[in-house]
Each structure stands twice: as C-alpha cells, then as structure tokens.
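> The structure is given below, and queries will be raised subsequently.
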C-alpha cells in the first residue's frame with residue numbers, strides 16, 4: 006500500500022501537477038478521488054480545513070495542501086543523488102521560477118478563466134486582451150529554450166503545464182482564442198514538446214470528461230477550474 | 032567583495048515591510064529607497080517591468096520581485112544568520128502554506144475593509160476577522176507561528192499590525208477584543224529590532240489611509 010496518496014479530482018489541473026512531480030521523482034502513489042456529486046469528503050475537510058480544496062498530498066497520513074507548496078515539499082524531501090530536481094539550486098534562478106509561477110497562476114490562468122466565464126462581449130474582449138498581455142510575458146520567458154527550466158522540464162513547466170491540454174478547451178467553451186501559434190510561436194512549440202513526454206501525457210484526463218466538467222463549473226459559478 | 036543591496040520601498044506598504052524585516056533579521060546592509068508611486072523611478076520601472084510595484088530587491092544589479100519570493104531569496108542567500116524557514120521539509124511546507132493563507136486570504140480581506148462602507152464593509156470586516164481567528168487558532172499558545180523562533184509566517188503577517196488601527200477606526204471594531212493572542216504575538220514581534228524599525232507608526236498609517244480615502248472619493 007502506497008505511503009503517498011493524493012486527494013484529487015479527475016479533471017483538476019492543480020492535481021495533475023502533483024502527479025507529474027511524483028513521477029519525475031520516481032515515487033509510487035495512490036489517488037483518492039473526490040466525488041463532487043456527493044459533496045466534499047470527510048477526509049478532504051479534515052486534511053485541508055483552511056481551504057477545503059484539492060489537491061492535498063498525504064505523506065504517511067500527514068497532509069500538505071496548496072499545489073505549489075506541495076511541489077516544493079516534494080522537491081525538498083526527495084532530493085540529491087539521482088533524484089530529479091524540480092527547482093534550480095541557485096537562489097536567483099529559484100526566485101525567478103517562483104516569480105513566474107505566481108505570475109502564470111495569477112495572470113495567465115485566472116486571466117484565461119475570467120475571459121472564459123465572461124458573458125458580456127465587451128467584458129470578454131477586455132479580459133482576453135489582459136490574458137494576451139500576460140501570455141506575451143510567458144512567451145518571452147520561453148524564447149530560445151526548449152523548456153522553461155532549460156533542456157529538461159522543471160517546476161515552472163509543471164505549473165504552466167495546464168496550457169497544452171486545458172487551454173484549448175477553455176478557449177472552445179469560452180468562445181475565444183488566446184494561444185495563437187503565430188503570435189506565440191515559442192509557447193506553442195513548448196506546448197507540443199511538453200505533452201509528448203510520456204509521464205506527462207499519461208496523467209492527462211480524457212478530453213470529453215474535461216469539457217463536461219469545465220462547462221459545468223463555468224455555468225454554475227466563476228470558480229477555480 | 033562589496034555587496035550592493037537596494038530595497039525599493041513605499042513606507043505604508045506591508046509587502047515592502049516584509050522585506051525590510053527579513054534584511055534586518057539577517058543583518059544585511061542595504062540602501063532603502065523610498066518610491067513616489069505617483070511618479071515611479073526609472074529604476075523601479077526597469078527592475079519590475081511586469082508589475083511596476085514595490086517592493087523590489089536589487090542585489091548586485093539583479094532584481095527580485097514579489098515580497099514572499101524576495102523573503103525566501105534573502106533566506107537562501109544570507110544563510111549564516113537567523114534562518115527564517117525551518118530546515119525540515121514538512122515544517123517548511125507548513126510555513127509556506129500559512130504565508131500563502133496570509134497573502135491570499137488575509138491581506139485581500141483587509142484590503143476590502145477600509146475603502147468600503149455600510150453593508151459591504153460589514154461583510155468585509157466579518158471576512159477579515161474570520162481570517163484573523165483562523166490564524167490565531169494556528170498560532171495557539173506558541174510564541175511565534177513556527178514555534179520558539181521568529182520566522183517566515185511571522186514576517187509575512189506582522190506588517191499588517193501597522194494597519195490595525197486604520198482598519199479598526201474605519202470599520203469600528205477592535206482586533207484586540209476579537210483576537211487577543213494575535214495582538215500579544217504582534218507586540219512580541221515588535222520587541223524585535225527588525226520589526227520595530229520596519230513598521231511605521233499606526234497613526235501615521237491611519238492618516239495615510241484617510242488621505243487615500245479622500246483621493247478615491249474625489250475620483
């Protein structure tokens with residue numbers, strides 16, 4: 006029985022980050038799926054009372070919540086030797102990775118979600134403009150590199166890893182276009198390289214499940230995807 | 032080797048205060064440069080082109096932005112003195128979790144309290160007090176959030192203490208009445224030179240808030 010468990014939902018882009026990190030470290034884990042039709046489980050409410058949100062990593066029963074906090078925990082607990090590093094060693098480079106991870110979540114991800122949910126045409130146009138501006142910054146960060154972390158994927162790639170699989174669906178259900186290959190050629194190429202990596206690909210939820218779930222969340226309340 | 036450390040600051044900003052506290056805890060000599068946010072310096076615009084906000088730490092010409100990112104950078108760069116994060120991975124995760132709670136829930140709740148009025152202010156005040164109570168619960172009977180030692184979570188939250196009077200006066204409540212242990216913790220932190228030197232006087236912040244309210248009303 007795995008000592009590492011993750012409380013997840015089948016479609017959450019935040020949860021898949023954790024799976025990717027554990028796979029990169031070569032760690033075995035078990036998934037505990039939340040069933041949203043039954044409301045939040047006792048285990049989730051007990052493990053993350055402050056936010057009541059997934060993902061939560063359970064390491065031998067001890068709970069760690071907030072996806073970026075979990076990523077750093079995984080990187081710091083399983084490090085050295087042959088173990089795959091998620092963050093660089095140099096403090097300046099680490100600060101850069103953390104800065105862009107925060108930016109990507111606050112502006113690119115929530116910007117896209119806001120644009121997706123906007124019903125009013127003018128509101129949507131403004132939201133898309135803002136999202137495009139944030140993606141321009143991301144494009145500059147990936148220019149000239151295969152992955153955000155360099156030759157191999159790292160922390161920032163995992164944090165923006167929602168883009169190749171989730172963004173297209175958000176564009177579709179939100180009636181908008183953000184990741185244009187002509188406007189963002191480097192980001193577009195990165196996206197294609199990223200999802201081709203086997204351990205990345207094998208964690209991606211089926212597209213139709215994702216479309217259903219995101220459409221439902223969008224219509225019910227502007228919430229986290 | 033000469034180190035050049037510049038902090039681009041704005042005195043009422045609790046985010047900038049965090050960086051001041053961290054640098055002073057580590058005994059780092061730094062050049063404190065006060066920004067006029069209505070007339071941002073070329074250095075600020077060059078060093079933080081993405082957000083154009085303070086605080087920015089410029090270390091030997093290289094910028095670090097976002098207050099909690101800067102605090103971690105400081106902790107990882109000046110390692111010999113006063114570690115702000117613990118060494119155990121789980122305790123580090125707890126510290127980062129609670130600093131994130133302070134950042135995403137508590138500060139954003141506080142920001143809604145002072146500019147609002149009437150029913151909206153009552154809702155904002157309730158949300159803010161709830162956040163403080165959660166934090167007080169997490170603190171428990173410990174001296175600091177991490178235990179016996181002043182650390183990362185304390186640095187992330189204590190600047191808000193300088194805004195308590197302004198928030199209380201604008202929304203008619205008392206943090207000391209709602210969360211006495213939290214106020215006791217804040218006063219304990221204020222006994223540290225790093226905190227006392229980095230936090231402005233509460234009345235000065237109150238007057239600043241009044242000025243800001245006037246400007247908002249005029250717009």
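Chains as they are written, first to last, in this note's numbering: chain S, 6 to 230; chain U, 32 to 250. Here a beta-carbon is modelled for each residue, glycine too, at the ideal position from N, C-alpha and C. Keep in mind it's a predicted model, so treat the numbers as computed, not measured.
Would residue 69 (chain S) pass as a contact of residue 62 (chain S) if the rule is Cβ separation under 7 Å?
The answer is yes: Cβ separation under 7 Å.
> Over what stretch of residues does the alpha helix (DSSP H) that includes residue 82 (chain U) continue unbroken?
Segment: none, residue 82 (chain U) is in no alpha helix (DSSP H) and carries neither H nor E.
> Mind listing, in chain order, the continuous alpha helix (DSSP H) runs of no fewer than 4 residues lying wholly within the segment 42-128 of chain S?
Segments of the alpha helix (DSSP H) lying fully in the segment 42-128 of chain S: 47-52, 72-82, 96-108, 115-122.
> Between residue 90 (chain S) and chain U, is any beta-carbon pair separated by less than 7 Å?
False, the Cβ-Cβ gap to chain U never drops below 7 Å.
> What are the boundary residues of the alpha helix (DSSP H) that residue 176 (chain S) is part of?
Looking at the DSSP string, the run of the alpha helix (DSSP H) that includes residue 176 (chain S) is 173-179.
> Starting from the C-beta of residue 170 (chain U), find all residues in its chain whose C-beta is less than 7 Å away, skip the five residues before and the five after it, and write them out in chain order.
Within the same chain, residue 170 (chain U) has close Cβ partners 176, 212, 213, 216.
> Taking all protein chains shown into account, decide if residue 150 (chain S) is buried (16 or more other Cβ within 10 angstroms of its Cβ) or exposed.
Answer is exposed; the Cβ neighbour count stays below 16.
> Please determine, among S:131, S:71, S:132, the residue with the shortest C-alpha to C-alpha distance to residue 132 (chain U).
Considering only alpha carbons, the answer is S:71.
> Please report the residue range of the beta strand (DSSP E) in which residue 94 (chain U) lies.
Per DSSP, residue 94 (chain U) belongs to the beta strand (DSSP E) from 93-96.
> Would you decide whether residue 247 (chain U) is buried or exposed? Buried here means 16 or more other CB atoms lie within 10 Å of its CB.
So residue 247 (chain U) ends up on the exposed side.
> Among the candidates S:28, S:143, S:67, whose CA atom is the shortest distance from the CA of residue 203 (chain S)?
The shortest C-alpha separation from residue 203 (chain S) is found at S:28.
> Taking Cβ positions only, does residue 147 (chain S) come closer than 7 Å to chain U?
Judged by the 7 Å Cβ criterion, residue 147 (chain S) is not in contact with chain U.
> Could you tell me which whole alpha helix (DSSP H) segments of length 4 or greater appear in the segment 127-151 of chain U?
Complete alpha helix (DSSP H) runs here, min 4: 139-144.
> For residue 190 (chain U), collect the residues of the same chain with a Cβ closer than 7 Å to its Cβ; drop the 5 residues on either side in sequence, then sort them by chain order.
Closer than 7 Å at the Cβ level, and outside the excluded window around residue 190 (chain U), lie 45, 48, 49, 230.
> Can you check which of these residues, U:61, U:146, U:120, is closest to residue 245 (chain U) by C-alpha distance?
Residue 245 (chain U) has its Cα closest to that of U:146, out of U:61, U:146, U:120.
> Under 8 Å by Cβ, that's how I've got residue 38 (chain U) and residue 74 (chain U) pegged, so tell me the actual separation to the nearest angstrom.
Not a contact, Cβ separation roughly 11 Å.
> Mind pulling the chain S residues with CB within less than 7 Å of residue 93 (chain U)?
Simply 97.
> Looking only at DSSP bridge pairs, what is residue 133 (chain S) linked to?
According to DSSP, residue 133 (chain S) bridges with nothing at all.
> DSSP three-state call for residue 34 (chain S): helix, strand or coil?
Residue 34 (chain S): coil per DSSP, three-state reduction.
> When the cut-off is 7 Å and only beta carbons count, does residue 131 (chain U) lie next to chain S?
Yes, residue 131 (chain U) lies at the interface with chain S (some Cβ there is under 7 Å from its Cβ).
> Comparing alpha-carbon positions, which option in U:153, U:82, U:33, U:85 lies nearest residue 60 (chain U)?
Nearest C-alpha to residue 60 (chain U): U:33.
> Per DSSP, what kind of secondary structure is residue 61 (chain U) in: helix, strand or coil?
Reduced to three states, the DSSP call for residue 61 (chain U) is coil.
> Please list the terminal residues of the continuous alpha helix (DSSP H) segment that includes residue 157 (chain S).
Neither: residue 157 (chain S) is in no alpha helix (DSSP H) and is coded neither H nor E.
> Kindly indicate which three-state DSSP category residue 177 (chain U) falls into: helix, strand or coil?
Of the three classes helix, strand and coil, the one that applies to residue 177 (chain U) here is coil, per DSSP.
> In the DSSP assignment, find the unbroken alpha helix (DSSP H) run with residue 119 (chain U) in it and report its ends.
That residue, residue 119 (chain U), is in no alpha helix (DSSP H); it is neither H nor E in DSSP.
> For residue 208 (chain S), does the three-state DSSP call read helix, strand or coil?
If DSSP states are grouped into helix, strand and coil, residue 208 (chain S) belongs with coil.
> Got a sec: which bits of the segment 156-168 of chain S sit with their beta carbon under 8 Å from any beta carbon on chain U, in order along the chain?
Listed by position, the residues of the segment 156-168 of chain S near chain U (Cβ gap below 8 Å) amount to none.
> Just to confirm my understanding: we take residue 206 (chain S), look at its own chain, exclude 5 residues before and 5 after, and list those with CB closer than 7 Å. What are they?
Taken in chain order, the residues that qualify are 200.
> Strictly below 9 Å CB to CB, what residues from chain U border residue 78 (chain S)?
Near residue 78 (chain S) (Cβ distances below 9 Å), the residues of chain U are 120, 121, 123, 124, 127.
> Near residue 143 (chain U), which residues of its chain fall below 6 Å by C-beta distance, leaving aside the five closest residues on each side in sequence?
Answer for residue 143 (chain U): 155, listed in chain order.
> Three or more C-beta pairs under 8 Å: does that hold for the segment 32-42 of chain S against the segment 63-81 of chain U?
No contact exists between the segment 32-42 of chain S and the segment 63-81 of chain U.
> Applying a beta-carbon distance threshold of less than 7 Å, which residues of chain S neighbour residue 137 (chain U)?
Residues of chain S passing the Cβ test: none, with the nearest at roughly 11 Å.
> Going by C-alpha distance, which of S:101, S:216, S:177, S:118 is nearest residue 100 (chain U)?
Among S:101, S:216, S:177, S:118, the Cα nearest to that of residue 100 (chain U) is on S:101.
> Is it the case that the Cβ atoms of residue 14 (chain S) and residue 79 (chain S) are separated by a distance below 7 Å?
No; because the gap between Cβ atoms is not below 7 Å, this pair is not in contact.
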